[in-house]
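Here's the structure we're looking at; comments come further down.
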Ligand SMILES: Cc1ncc(COP(=O)(O)O)c(C=O)c1O
């Protein structure tokens, strides 16, 4: 049996995949078992920021792979300590880091820390968490509870109690939801899965004021929009509003599983040994690679290049003369093309045109390529996308 037949027979059918077996990649390109090449505008869902076959990543993996892969959190390890120091150094609001293995785990850690913070300082009863329409924070039970998609939640009810939803970018709705019973407000500064919707500056400013007023913590979920994706290391830097907790994951180790929450000293102060933990997180193999990623992406010249290629991509998309394109949204290389038709047929047609595409919701194409994509490659991508939209339009 070939890999597709094996998967159909032996894997739980939790994903719909196209009949393509990816086998290799270089830069912003992936290759399948039949030798077809695809320009990748997906990056493994905003993960492979440095693309494929990066020499420094490969060398780090070879060196770290010769050493023990795992020591557990029972012991200190140097790459983890170095990564934590680096993340704190480049993140003005943050004083400390706690590592996880994925985005959803970073959401869980953030919410647990917020509940413990409120319980420590304000006693019982301050347990509610406010999240927003269109949000996506992960699939584990706690993260799912703050991810208001009926399709995702309904089969698994009951979820974690104590969650309230307000309308995204709606200050009035947020004001009504946030009171003294709230321990945290969680949101993505730029919503990803929900359709690439940037928060408005006034909305973030209002949330910061409301959370201060009601002694609640502000959690920014930068799992998708963080680590250079929008042209600054963190997306919130472009807003000038600082959170108390930040969730990171996806691109942080360029494809190896990692999650991290960055917190202020005030938050870190309430967490003591035994309060929260995980077997694998912060392991030397993964954090060795994450050090390479953070060094590279935090370089101002790298971020400048993301801003330039992102602006160029947006401009090229906006100049496409296709009646199905309603709007191009987003920042840096986190772009959403709002269509007036379903996005799924375009994603399907993309394979034939050598283009990997992804939707965000029903009618938005989400373009989140490796951050190292060149302007020449963006020209190719736009040309192919134009052909795809003509074909399915
Ligand atoms: C903003 C955001 N938070 C959390 C998650 C969950 O991350 P993971 O799939 O690594 O659990 C995602 C995944 O898409 C995300 O986009």
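In the working numbering, the protein residues as written are 22 to 414. We treat Cβ as the ideally placed atom computed from N, Cα and C, and that holds for glycine. Being a predicted model, the structure only gives us computed values, none of them experimental.
Neighbour-count burial assignment, residue i, 16 or more Cβ in a 10 Å radius
i	result
residue 74	exposed
residue 219	buried
residue 303	buried
residue 300	exposed
residue 37	exposed
residue 59	buried
residue 136	buried
residue 359	buried
residue 287	exposed
residue 271	buried
residue 129	buried
residue 395	exposed
residue 212	buried
residue 125	buried
Contact test: residue i Cβ vs ligand 1 heavy atom, cutoff 6 Å
i	result
residue 389	no
residue 157	yes
residue 65	no
residue 213	yes
residue 195	no
residue 209	yes
residue 269	no
residue 216	no
residue 331	no
residue 245	yes
residue 421	An answer regarding residue 421 cannot be provided, because it is not within the stretch 22 to 414 covered by the chain.
residue 125	yes
residue 320	no
residue 242	yes
Straight-line gap, residue i to residue j (C-alpha atoms, nearest Å)
i	j	result
residue 306	residue 356	32 Å
residue 366	residue 98	47 Å
residue 23	residue 45	17 Å
residue 67	residue 372	18 Å
residue 331	residue 31	40 Å
residue 72	residue 200	44 Å
residue 198	residue 84	50 Å
residue 229	residue 267	14 Å
residue 108	residue 294	21 Å
residue 273	residue 340	33 Å
residue 238	residue 169	20 Å
residue 226	residue 184	22 Å
residue 318	residue 324	7 Å
residue 348	residue 94	47 Å
residue 259	residue 253	7 Å
residue 261	residue 105	23 Å
residue 361	residue 217	15 Å
residue 407	residue 328	23 Å
Residue span of the alpha helix (DSSP H) that contains residue i, given as start and end
i	result
residue 27	24–31
residue 416	Past the edges of the chain, shown from 22 to 414, lies residue 416, and the structure says nothing about it.
residue 347	Premise fails: residue 347 lies in the beta strand (DSSP E), 346–352, not in any alpha helix (DSSP H).
residue 268	Note, residue 268: premise wrong, no alpha helix (DSSP H); beta strand (DSSP E) at 266–269.
residue 397	396–413
residue 140	124–143
residue 162	162–166
Endpoints, beta strand (DSSP E) assigned at residue i
i	result
residue 240	238–242
residue 205	203–208
residue 286	Counting along the chain, residue 286 falls outside any beta strand (DSSP E), though it belongs to the alpha helix (DSSP H) covering 286–289.
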